[in-house]
Amino acid sequence: RLSKVFYYALHKMFDLQRLVRGEHIRVEPTEEERELIMKVRSGPLEGRFDPTVLIQKLERSLLEISLKKIVLDIVRKSCNMVLLSRPHEVPVEPLATFLFELRCSHWETLNRQSVERKP
């Protein structure tokens, strides 16, 4: 199910956000995160939970994480600091690849559905 894929992506995104902030990864999401995840998981995937909207939200969050990581790395290097969060080690690339594959898969599904609907 597509909702399960978004559950996975949201969960990983929340973990990456914590790492960049210097926090520990949580086993269970916060109440607010859990509420969002469960709405996506239980569906329907429409409106603000439409797959295209969710992908865009995840991509924006990933961009923000990447930018924060770059800024923290610059600050750390310029001040010879060792930051507890070790942002240079935050694994952004695997989630970026996953989101790209998810977007491609979603586009293929939309294209296939539009072809099937044509008389």
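Position 34 of the sequence shown, counted from 1, bears residue number 93 in the working numbering, the numbering being contiguous throughout. Even glycine gets a Cβ: it sits at the ideal position worked out from N, Cα and C.
- Under the DSSP assignment, isoleucine 96 falls in the alpha helix (DSSP H) whose first and last residues are 90-101.
- Per the C-alpha coordinates, the member of Val130, Ile129, Val99 and Glu82 positioned closest to lysine 116 is Val99.
- Secondary structure at cysteine 138: coil, using DSSP grouped into helix, strand and coil.
- Segment contact: the stretch 157-165 against the stretch 105-124, three or more CB-CB distances shorter than 8 Å; contact assigned.
- Between leucine 121 and methionine 72, the C-beta spacing is below 8 Å.
- Apart from the 5 residues on each side of it in sequence, aspartate 74 sits with its Cβ closer than 7 Å to the Cβ of Ile84 in its chain, given in chain order.
- DSSP places aspartate 74 inside the alpha helix (DSSP H), whose first and last residues are 61-79.
- Around the beta carbon of leucine 131, a 10 Å sphere encloses 16 or more other beta carbons of the protein chains shown; the residue is thus reported as buried.
- Taken through DSSP and simplified to helix, strand or coil, valine 112 comes out as helix.
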